[in-house]
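Numbering of the sequence shown is given in our numbering, commencing with residue 38 and proceeding in unit increments.
Backbone N, C-alpha and C define an ideal beta-carbon position, used for all residues, glycine too.
Note sheet for the following structure.
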Amino acid sequence: MSFNIHKWFRNSYLNEEEGFEKNSWEYLTDKEKSKFSDEIFDLINNAYAPIGGNPNYQSPSDVDGSEGDANYLVIDFDDDPEFDAVIVDKNKSSGTKAAAIGHDNSGPAKSLSVNFLAIMLKRPGHYIEVSGKLKDILLSKGVPLVTDKETIRTALKGKEIEMNDDGTYQRYLGGKKHTKTMMGVPFTK
């Protein structure tokens with residue numbers, strides 16, 4: 038049995054972002070948001086490209102600029118040193134609101150980000166506004182729908198919404214009207 042120092046060094050030091058543990062979800066500090074804004078933007082852009090992008094993320098500067106109040110939870114689990122997935126959330130009066138997800142377009146990263154998000158959204162005080170494919174995926178993973186008008190209005194306090202009969206609602210995001218569904222377990226007090 039031989040020891041390959043190059044392989045050991047590569048696996049030990051070169052295959053992760055400096056200061057981050059492999060296979061571990063970690064929140065970025067404000068300084069790290071700036072340092073990794075290009076990488077975070079690319080992950081989010083990958084996830085939202087099929088629907089024309091995320092209206093809150095038009096460039097890497099949004100990560101620590103207009104969306105600088107967001108928390109960025111990242112993970113690196115493969116052989117390359119870049120992050121593979123990100124979950125973006127914001128602290129709100131109704132709890133922790135998931136604001137976006139991102140991935141490197143690989144099957145494992147897509148699966149990991151959505152599965153982790155689903156676990157988060159089943160916990161009290163965690164919620165998200167969704168539509169389309171992500172809504173269907175989260176439903177299949179048992180994330181509860183929120184259809185009660187007062188709960189939705191409380192969670193979106195200060196936002197203009199127009200309720201639909203089926204528990205969905207319409208609101209403007211990025212200057213465009215969107216139909217959304219709330220999922221998760223927001224606090225109501």
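Between residue 171 and residue 109 the beta-carbon gap is near 18 Å, outside 8 Å, which marks them as no contact. Taking every protein chain shown into account, the CB of residue 209 has fewer than 16 other CB atoms within 10 angstroms, so this residue is exposed. Here residue 137 is buried. Its C-beta has 16 or more other C-beta atoms within 10 Å. Taking residue 218 as the centre and dropping the five residues before and after it, the same chain places the C-beta of 167, 172 and 205 closer than 6 Å to its C-beta, in chain order. Assigned with DSSP and collapsed to three states, residue 122 falls in strand. Taking the Cα positions, residue 90 is about 29 Å away from residue 224.
Residue state for residue 166 is assigned as strand, using DSSP reduced to three classes. For the pair residue 121 and residue 155, the CB atoms are not nearer than the 9 Å cut-off. One alpha carbon belongs to residue 86, the other to residue 141, and they sit about 12 Å apart. Within 10 angstroms of the beta-carbon of residue 58 lie fewer than 16 other beta-carbons, which makes it exposed. Contact between residue 151 and residue 77 does not hold, since the beta-carbon distance rounds to 17 Å and is not under 8 Å. According to DSSP, residue 200 shares a beta bridge with 206.
A distance of 9 Å or more separates the beta carbons of residue 62 and residue 100. The DSSP-derived three-state label of residue 216 is strand. By the C-beta density criterion, residue 165 is buried, having at least 16 other C-beta atoms within 10 angstroms.
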